[in-house]
Structures are given as structure tokens and as C-alpha cells.
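Using numbering that gives the first Met the number 0, read the sequence shown as starting at 0 and increasing by one per residue. Reading through the C-alpha cells given below for one structure.
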Amino acid sequence: MSSDEVIIRLDQHDKNKVNNIVLTCEAQIRLRKQRESFMHPNTAGTMRVGYTAEFAFAKWLGVPFNYRPYDRLSTDVMGYQIKATLLTAGCLIKKITNPAGVYVLGTVNDTYDVVTFRGWMLSNEIEHECYWRTDVPNPAWFVPQSQLWSMNELTATPELAAHNGAF
């Protein structure tokens, strides 16, 4: 496994788009009276981290990113599942309810204008006993960054290949 990373910088226009997505999501959550988050109820901060990473990943791929209502079985960007954290040394966390797929870890800086994609892993590689933790409020698989595949080895998803005209 390698440590090659991808760093994406977001300008103010990008940050405004993410902010609009967060506001839309907050409004829909209020209407549905739902809560969906790993550690605690959704807040503008927790949603902003996730949407910032998803937006940055779409920007890196050169594909559009728009808000879609939450669907736990759909992918985040072009067939990829994006997991994000504000912790520079944070793990890729996969809940037992998350679908199979290609998972990518992004760390977001505290001003939400730089996202570093640390690596990726397939769900069947994530779901090993050595990564399973029960000492947290919601047990899940926690994969350290050192175990992730390099971003320059990122596998293409069928959605991305179709978008790029490979199929």
C-alpha cells in the first residue's frame, strides 16, 4: 500500500455551492424529521465535511456534483462511496449498513477549502475482523490510512467508465 494522495483546493465559488447543498439538505431533514449520522445527529458541520469531500472528489474527476436526497444504497460520486473526516490522521469508517463498493477517504481542512484524498479500499477488503471496532458508540470497520490503496491506483467504477465513454 502506498501513501500517494490527491489534494483538491476549493475556491469561494466551490464553497458557496457546498453551502447551498448543506442548506438544502438541512431543510429536507427538518421536513422529514430524520437523523442520519455516524456519531451524532446531523449538523451543518457534519454535513459540510461530507459534502465538501464529495464535491472535491467530483471536481477531481471532472464530473458535476449536485445535491440528491439521501439514499443509503446509492453511491456518492460516480459509483464511489466517499468517507470524510476533519481529522488529518482519521480512519476510513464503514458502517455495517453501508453498501458494498469502492470507498475513498478524504480529509477536510478546518476552513473547508482543501480536501486531501488519502486512499481507497474495496468494501470486501474493509470488512475484516482486524478493522472491526466495538469500543465506539456505533461499531464499525475503521481502516487506518496506512492500509489504504494509493489514489494513483484507484479502480474505475462502471459509472465512471460509462461517463467517460468506456462502455
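The beta carbon of each residue, even a glycine, is placed where N, CA and C say it ideally should be.
Residue i versus residue j - alpha carbon distance
| i | j | result |
| --- | --- | --- |
| Trp59 | Ile7 | 7 Å |
| Lys168 | Val114 | Residue 168 falls outside the range modelled here, since the chain spans only 0 to 166, and no answer is possible. |
| Thr84 | Ala160 | 27 Å |
| His162 | Asn65 | 16 Å |
| Trp140 | Leu86 | 17 Å |
| Thr133 | Gln27 | 31 Å |
| Phe54 | His12 | 12 Å |
| Val62 | Pro68 | 18 Å |
Any chain C beta carbon closer than 9 Å to residue i
| i | result |
| --- | --- |
| Val101 | Absent from the structure: chain C. Only one protein chain is present. |
Integer Cβ distance of residue i from residue j, believed to fall under 8 Å
| i | j | result |
| --- | --- | --- |
| Lys14 | Asp75 | Going by Cβ atoms, the distance from Lys14 to Asp75 rounds to 18 Å, so no, they are not a contact pair. |
| Ile81 | Gly44 | Actually they are not in contact, since the Cβ atoms of Ile81 and Gly44 sit about 17 Å apart, beyond 8 Å. |
| Gln144 | Ala99 | Not confirmed; about 21 Å, so no contact. |
| Val101 | Leu121 | 6 Å |
| Ile125 | Lys93 | 5 Å |
| Leu91 | Val142 | 4 Å |
| Met77 | Thr156 | 6 Å |
Residue range of the alpha helix (DSSP H) that includes residue i
| i | result |
| --- | --- |
| Thr23 | 11-31 |
| Glu4 | Per DSSP, Glu4 belongs to no alpha helix (DSSP H) and is neither H nor E. |
| His162 | 157-162 |
For residue i: DSSP bridge partner residues
| i | result |
| --- | --- |
| Lys82 | Leu104 |
| Ile92 | Phe141 |
| Val76 | Tyr79 |
First and last residue of the uninterrupted beta strand (DSSP E) at residue i
| i | result |
| --- | --- |
| Leu121 | 113-121 |
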